[in-house]
Amino acid sequence: MNLSYMTVLYLFQAYTSYAVHESQEFKELKLLIVEQSRRLDEIVEELVKQKAENSRQDTEIVALRARLASYSLNHEYSNDSDKALTVQKSDARVKEHQEIEIAKNQSWKGHINDTETVRVNDRLPDTRHGMGRSNYDDRKRLLVPAATTVTPRPPVIAFSAYMSKTEYHVVDHKILTFDVVQVNEGNGYNKHTGSFIVPQSGVYVFTYTLLIYSNSDVCTDLIINGAIYGHVYGFSGSLDVRQTATSIVVTRVNKGDTVFVRTASDGRCGQTGAFYGDTWRRSAFAGWLLG
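Just so we're aligned: the sequence shown equals residues 22 to 312 in my numbering.
See the structure below:
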């Protein structure tokens with residue numbers, strides 16, 4: 022009985038020791054697996070970073086290749102341009118030499134015998150005699166074209182507009198609006214206000230024409246910066262009479278000046294009647310830069 026008990030006790034202790042040993046090995050194996058997994062994650066992360074860096078380097082290589090190709094193309098073009106310029110300079114020197122030789126021959130044509138063969142350079146007279154060389158130099162200067170100065174042309178500034186409808190209510194001190202714009206080079210004319218804002222200083226021509234309705238008595242002024250520069254008086258004393266009146270002004274104005282047509286307000290006219298405005302009976306306003 023004691024032997025059996027001892028045997029069982031021994032086996033139990035052996036099993037317990039084995040189980041504890043196995044449990045310790047399992048823990049170590051688990052820790053090893055965790056460590057390997059962590060290192061694997063680090064390797065994967067490093068590979069991702071390396072892949073991104075490789076992609077960036079590939080992009081940079083493509084850009085460098087493009088720059089190198091562009092540089093090579095520009096270098097070849099520059100070489101071709103230099104060659105062409107060298108040929109042009111050489112042709113110019115040959116042409117200049119030919120013109121000088123022609124001048125020499127013409128200058129000394131009277132001094133060479135038709136039956137005598139001489140070199141033109143050997144026949145150039147000595148400058149100590151005060152002749153010959155100066156004549157040759159004068160002829161040489163005649164071959165050089167005189168320098169010309171190109172004067173830039175002034176910009177095109179012009180406008181033209183007319184009334185699209187008849188103005189029946191004529192009152193004092195009213196700005197007339199010519200709302201149908203035909204030309205507005207320089208964008209100085211405003212069809213809503215009837216005013217022209219000078220875009221560039223210079224001498225301008227301004228003109229306006231009014232077709233006066235029958236039985237009308239009206240006066241208008243061309244106003245530049247508040248001052249009267251032109252005037253139109255229209256009078257049609259009969260129901261069956263129409264009248265056209267025009268004013269033309271040539272004056273110098275400055276950039277930013279304001280030009281418009283306005284009915285007078287000094288009591289000179291009754292300001293009764295109307296201005297025609299339609300497609301074929303036109304009251305118009307125009308102006309343009311002379312220079």
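Cβ coordinates follow ideal geometry from the N, Cα and C atoms, glycine included.
How is the beta strand (DSSP E) around residue i delimited, first residue to last?
| i | result |
| --- | --- |
| Val270 | Gln264 to Val274 |
| Trp328 | Any property of residue 328 remains undetermined from this structure, which presents the chain solely from 22 to 312. |
| Arg289 | From DSSP, Arg289 is part of no beta strand (DSSP E); its letter is neither H nor E. |
| Gly255 | Ala248 to Ser257 |
Taking all protein chains shown into account, do 16 or more other C-beta atoms lie within 10 angstroms of the C-beta of residue i, making it buried, or fewer, making it exposed?
| i | result |
| --- | --- |
| Thr170 | exposed |
| His194 | exposed |
| Gln34 | exposed |
| Phe227 | buried |
| Phe306 | buried |
| Leu53 | exposed |
| Thr80 | exposed |
| Val253 | buried |
| Thr198 | buried |
Looking at residue j and residue i, is the spacing between their C-beta atoms short of 9 Å?
| i | j | result |
| --- | --- | --- |
| Val282 | Ile196 | yes |
| Thr279 | Asn236 | no |
| Ser304 | Tyr229 | yes |
| Asp200 | Ser185 | yes |
| Leu231 | Ala266 | yes |
| Val192 | Lys276 | no |
| Gly298 | Thr187 | yes |
| Arg273 | Tyr225 | yes |
| Ala295 | Tyr234 | yes |
| Leu310 | Val270 | no |
Using only alpha-carbon positions, find the residue among the options that is nearest to residue i.
| i | options | result |
| --- | --- | --- |
| Asn205 | Ile64, Ser76, Thr187 and Gly308 | Gly308 |
| Thr300 | Ile269, Val202 and Thr80 | Val202 |
| Thr293 | Glu63, Val274, Val270 and Gly255 | Gly255 |
| Pro173 | Ser25, Leu30, Gly312 and Leu243 | Gly312 |
| Asn208 | Ser222, Tyr189, Phe180 and Thr198 | Phe180 |
| Tyr313 | Thr28, Ile121 and Asp238 | Only positions 22 to 312 of the chain appear in this structure, which leaves residue 313 out of reach. |
| Cys240 | Gln264, Leu85, Leu94 and Leu50 | Gln264 |
Determine, using beta carbons only, whether residue i comes closer than 9 Å to chain C.
| i | result |
| --- | --- |
| Ala90 | Among the protein chains of the structure shown there is no chain C, as only one such chain exists. |
Entirely enclosed beta strand (DSSP E) segments - the segment 161-244, minimum 3 residues
The beta strand (DSSP E) runs of length 3 or more contained entirely in the segment 161-244 are, from start to end of the chain, 179-183, 201-206, 216-218 and 223-233.
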